[in-house]
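S.K.:
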Amino acid sequence: MNFANEPCEQGRVDDDKAHTSDSSVNSGSSVCAADGCCAPDASNDSDVWDTTGAECCSADSGSLVVASSPHKLPEHRVHELALLKIIAETLNQANELSTMLHSVLEKLLELTGLTTGWIFLSDAYMDYRCTAEKNLPPALSGNEGQRMNNGSCWCLDRYWGGKLKNAVNILNCKRIEDAATFKWGDTNGITHHATVPLRAGKRLVGLLNIAAPGKERFSDEELALLQSVAFQIGGAIDRIRLYAAEQQRAERFAKLDEFSRALGSQLQAYTHPTLLAERAIQLIGEQFQWPIAALYELSGDELIQRAAFVNGSTNRWLSRMPLPSSGWLYEAAVNRQLAIASREEAASLASCTREPYRNANNKPIAAVAIPLPFGSAGDGVLVLGSNRPGEFSLADRPILEALAEHIALKLQNSRLAEQRHELARWDERNRLARDLHDSVSQLLFSLSVTSRGVEGLLASPSPDTDAAIAAVRDMQTLSQSALKEMRALILQLRPADLQAGLVTGLQEYGQRLGLHVHTQLEGVREMPRMVEEALWRIGQEALNNVSKHAGTKLAYLSLLLTSDQAKLSIQDNGSGLDEDLALGDATANSIGLSTMRERAEALGGQFTLARPSDGGTLVEVRVPLPSLSIERSGGN
Numbered sequence: 003m004n005f006a007n008e009p010c011e012q013g014r015v016d017d018d019k020a021h022t023s024d025s026s027v028n029s030g031s032s033v034c035a036a037d038g039c040c041a042p043d044a045s046n047d048s049d050v051w052d053t054t055g056a057e058c059c060s061a062d063s064g065s066l067v068v069a070s071s072p073h074k075l076p077e078h079r080v081h082e083l084a085l086l087k088i089i090a091e092t093l094n095q096a097n098e099l100s101t102m103l104h105s106v107l108e109k110l111l112e113l114t115g116l117t118t119g120w121i122f123l124s125d126a127y128m129d130y131r132c133t134a135e136k137n138l139p140p141a142l143s144g145n146e147g148q149r150m151n152n153g154s155c156w157c158l159d160r161y162w163g164g165k166l167k168n169a170v171n172i173l174n175c176k177r178i179e180d181a182a183t184f185k186w187g188d189t190n191g192i193t194h195h196a197t198v199p200l201r202a203g204k205r206l207v208g209l210l211n212i213a214a215p216g217k218e219r220f221s222d223e224e225l226a227l228l229q230s231v232a233f234q235i236g237g238a239i240d241r242i243r244l245y246a247a248e249q250q251r252a253e254r255f256a257k258l259d260e261f262s263r264a265l266g267s268q269l270q271a272y273t274h275p276t277l278l279a280e281r282a283i284q285l286i287g288e289q290f291q292w293p294i295a296a297l298y299e300l301s302g303d304e305l306i307q308r309a310a311f312v313n314g315s316t317n318r319w320l321s322r323m324p325l326p327s328s329g330w331l332y333e334a335a336v337n338r339q340l341a342i343a344s345r346e347e348a349a350s351l352a353s354c355t356r357e358p359y360r361n362a363n364n365k366p367i368a369a370v371a372i373p374l375p376f377g378s379a380g381d382g383v384l385v386l387g388s389n390r391p392g393e394f395s396l397a398d399r400p401i402l403e404a405l406a407e408h409i410a411l412k413l414q415n416s417r418l419a420e421q422r423h424e425l426a427r428w429d430e431r432n433r434l435a436r437d438l439h440d441s442v443s444q445l446l447f448s449l450s451v452t453s454r455g456v457e458g459l460l461a462s463p464s465p466d467t468d469a470a471i472a473a474v475r476d477m478q479t480l481s482q483s484a485l486k487e488m489r490a491l492i493l494q495l496r497p498a499d500l501q502a503g504l505v506t507g508l509q510e511y512g513q514r515l516g517l518h519v520h521t522q523l524e525g526v527r528e529m530p531r532m533v534e535e536a537l538w539r540i541g542q543e544a545l546n547n548v549s550k551h552a553g554t555k556l557a558y559l560s561l562l563l564t565s566d567q568a569k570l571s572i573q574d575n576g577s578g579l580d581e582d583l584a585l586g587d588a589t590a591n592s593i594g595l596s597t598m599r600e601r602a603e604a605l606g607g608q609f610t611l612a613r614p615s616d617g618g619t620l621v622e623v624r625v626p627l628p629s630l631s632i633e634r635s636g637g638n
């Protein structure tokens, strides 16, 4: 109901033609009343003038009081203006959607004298949620709110079918009828309700439902008032969503910066591209709080999952998806374009990997696939999933593509670094070959020539024993020189991190992973090179697991050396293994754990994975050592 800005006839007001301008009341702008007459700004003492220009209605502290005048507004219209003003103020003060809807619904019920209301927000067919409710009867509020968020009803069916244009009376409520049929509980005498569509411009965003015990019909005037309120609510929803989207975009760019820094700081610890991909996916899940992040690689006519982080844990199971049946991922993998999944397509991610996707409550309902650029990394696809509706949109393209570029660049750098290391290894092999040729090979050649000379001296009719003995001594000298040269070359092949010792090397490796490693060493003796390198690789994998899975930055490392064995123990005080998971199954189903077991057993040792009584996880490796007498004799 609007006030019309029309010239008035002195001494008469036609209530049927007088209209109230909602915008003038809510925004505080002046309303022209008569020639040469202008109402005061509504922000000053909240004055509202009628069309005659002869009277003023003062709205102070949320209510309109009509001044003494022979031409005053009808009381119900004054009440409507006050209601619209208070609701407009409530809407303008809110910046959080759920809080705003609850506040305005409560205020609407308070001012209209109605008792019950609820608001549905819906952007697509069968995609809705009851975002706000007030004084729902027990029959509808039970089952932890599921009765208002599952199934369909007649008002939503009309909404999705495009048949709901304005505020209407719903003569029968399916949810209330179901409550009576299935005996869900008391409906508090509510049998009917009014339904009002919520619009943001021309776009429908939801429904406002209002009811009261015993009220079976809302008058046209009541529906018109509810329609006016619904227009304001729809505009506020659009404003808050735009604000939230901009705020979310800013937060995601900040998280992108944190992600890039975190990934860049760990390039030395995760040098292999596969390990780096796993760490990158894990960081995405942790930084952005997305329950699902996965990296797929296009290989022939298949998409192969290389890394996945699902609901807080790294998933190392490799899954393969035939490209023709990849559906929405095909666009990202083949056409190299960002693809946003439908709700059904997002849920299909559950069939692509093993646990823990199987939990129905954790299945994604929103997903996006972003192709990775840059060279060989350009065959990859980053897939993100969320259980929050509308989590990804085309407006997020800049942040999502920037995220994919960061991962692709780091993977490309890792591959280039690996190629450089491989070239360095070839250079080292070539250098060793030259050194062997220039030193050991020459010494062995001299040794061979000298041995033939000794043979000639001893095979002659008159053997020259003195010369033969001197030649044998030369052979001993040559062989000792060759042995020294060979040992020097072997030492150069030892891992650089082991130059300072096994315990110190593992402690420094843990520090590069961001761990604080307490060390303990008992016993002093040399270990065979194969044993030391095996314990080094096992210790590396154990510290990697602490960094990625334990949820702690503290680790305890001990090395016990006895006359017949070496025992390496690494323990953390983290979350520990799943109580429902057998230790044998954990080892069998994990690539890293099975590799540690294989390394230990290859040396005749024993690998143990345990849950200490004080919590955390314990990895213990025992490897037999040859006796010192055998080592000395072998060395001599």
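With the working numbering applied, the sequence shown closes on residue 638, and no number is skipped along the way. Glycine included, each C-beta is placed from N, C-alpha and C at the ideal position.
Check the DSSP bridge columns for Y650 and list the partner residues they point to.
M.R.: Past the edges of the chain, shown from 3 to 638, lies residue 650, and the structure says nothing about it.
S.K.: Can you list, in chain order, the residues of its chain with a C-beta nearer than 6 Å to that of A552? Leave out the 5 residues immediately preceding and following it.
M.R.: Once the five neighbours on either side are set aside, the close Cβ partners of A552 are D574 and G576.
S.K.: Compare the beta carbon distance of L107 and W120 with 9 Å and say whether it is the shorter of the two.
M.R.: In contact: L107 and W120 (Cβ atoms closer than 9 Å).
S.K.: Suppose you measure from the CA of P628 to the CA of P293; what does that come to, to the nearest Å?
M.R.: Using only the alpha carbons, I get a separation of about 50 Å.
S.K.: Would you kindly report the start and end of the unbroken beta strand (DSSP E) that includes M323?
M.R.: First-last of the beta strand (DSSP E) with M323: R322 to P324.
S.K.: Among A502, K176, Q482 and L228, which has the Cα closest to the Cα of K109?
M.R.: That would be L228, whose Cα lies nearest to the Cα of K109.
S.K.: Excluding the five sequence neighbours on either side, which residues of its own chain have a C-beta within less than 7 Å of the C-beta of L460, listed in chain order?
M.R.: Hits under 7 Å: A470.
S.K.: Closest to L562 by C-alpha separation, out of I306, G458, A279 and Q522, would be which residue?
M.R.: Cα-wise, what sits closest to L562 is Q522.
S.K.: Between R422, Q234, D222 and S221, which lies nearest to T92 when the distance is taken from Cα to Cα?
M.R.: Comparing Cα-Cα distances from T92 to each of R422, Q234, D222 and S221, the minimum goes to Q234.
S.K.: Looking at I572 and A557, is the spacing between their C-beta atoms short of 9 Å?
M.R.: For A557 and I572, yes; Cβs fall inside 9 Å.
S.K.: Rounded C-beta distance between A213 and I192? I'm assuming under 8 Å.
M.R.: With 8 Å as the limit, A213 and I192 qualify as a contact, their Cβ atoms being about 5 Å apart.
S.K.: Just the Cα atoms here: how many angstroms apart are E528 and A568?
M.R.: About 10 Å.
S.K.: Cβ atoms of G208 and L123: under 9 Å apart, would you say?
M.R.: Cβ distance < 9 Å, so L123 and G208 count as in contact.
S.K.: Which residue from P326, Q307, H408 and L374 puts its Cα closest to that of R338?
M.R.: For the residues P326, Q307, H408 and L374, the minimum Cα distance to R338 belongs to L374.
S.K.: Pull the bridge partners of L639 from the DSSP assignment, please.
M.R.: Since the first residue shown for the chain is 3 and the last is 638, residue 639 is missing from the structure and cannot be characterised.
S.K.: May I ask you to report which of helix, strand or coil DSSP gives N171?
M.R.: Three-state DSSP puts N171 in a strand.
S.K.: Tell me the rounded alpha-carbon separation between V370 and N97.
M.R.: Their Cα atoms are separated by approximately 28 Å.
S.K.: Can you tell me which of D466, H104 and E347 puts its alpha carbon nearest to the alpha carbon of L210?
M.R.: Minimum Cα distance to L210 is reached at H104.
S.K.: With C-beta atoms as the reference, is A639 less than 9 Å away from R390?
M.R.: Summary: the structure shown does not reach residue 639, with the chain confined to residues 3 through 638, and so no result is reported for it.
S.K.: What residues in its chain sit with their C-beta under 7 Å from that of L142, if we drop five residues either side in the sequence?
M.R.: Contacts found: R149, M150, R177 and A181.
S.K.: Name, in chain order, the residues that DSSP records as bridge partners for D574.
M.R.: According to DSSP, which records beta bridges pairwise, D574 is partnered with A557 and T619.
S.K.: Between L570 and Q509, which are expected to be in contact by the criterion C-beta below 8 Å, what is the C-beta distance as a whole number of angstroms?
M.R.: Not quite, the Cβ-Cβ distance comes to about 13 Å (not below 8 Å), so this is no contact.
S.K.: Out of curiosity, what's the CA-to-CA distance linking G455 and V442?
M.R.: Cα to Cα, G455 sits roughly 20 Å from V442.
S.K.: Which residue wins for smallest C-alpha separation from F220, given the options R431, V198 and R613?
M.R.: Nearest C-alpha to F220: V198.
S.K.: Straight-line CA distance for T273 to A246?
M.R.: When rounded, the distance between both Cα atoms is 39 Å.
S.K.: Based on Cα-Cα distance, which residue from L445, K185 and E534 lies nearest to D476?
M.R.: The shortest Cα separation from D476 among L445, K185 and E534 belongs to L445.
S.K.: How far does the alpha helix (DSSP H) with Q234 in it reach, from first residue to last?
M.R.: Segment D222 to G266, the alpha helix (DSSP H) holding Q234.
S.K.: Pick out the complete alpha helix (DSSP H) segments inside the region 469 to 530, 4 residues or longer, and give them in chain order.
M.R.: As far as the region 469 to 530 is concerned, its whole alpha helix (DSSP H) runs of at least 4 residues are 504 to 514.
S.K.: Quick check on the DSSP output: the beta strand (DSSP E) that includes S301 runs from which residue to which?
M.R.: Run containing S301: I294 to S301, per the beta strand (DSSP E) assignment.
S.K.: Apply the 10 Å Cβ neighbour rule to M102 and answer buried if 16 or more other Cβ atoms are within range, or exposed otherwise.
M.R.: It is buried - the Cβ of M102 has at least 16 other Cβ atoms within 10 Å.
S.K.: Pull up the CB-CB distance for A279 and L413, whole angstroms please, since I reckon it's below 8 Å.
M.R.: Indeed they touch by this definition, with Cβ atoms about 6 Å apart.
S.K.: What's the gap between the Cα of L300 and the Cα of G392?
M.R.: If I take the Cα positions, the gap works out to 27 Å.
S.K.: May I ask you to report which of helix, strand or coil DSSP gives R390?
M.R.: Coil, per DSSP.
S.K.: Counting only the same chain and skipping the five closest in sequence on each side, list residues whose C-beta sits under 6 Å from that of E622.
M.R.: These residues qualify, in order along the chain: S571 and T610.
S.K.: Answer with buried or exposed for Q501, where buried requires no fewer than 16 other C-beta atoms within 10 angstroms of its C-beta.
M.R.: Classification for Q501: exposed.
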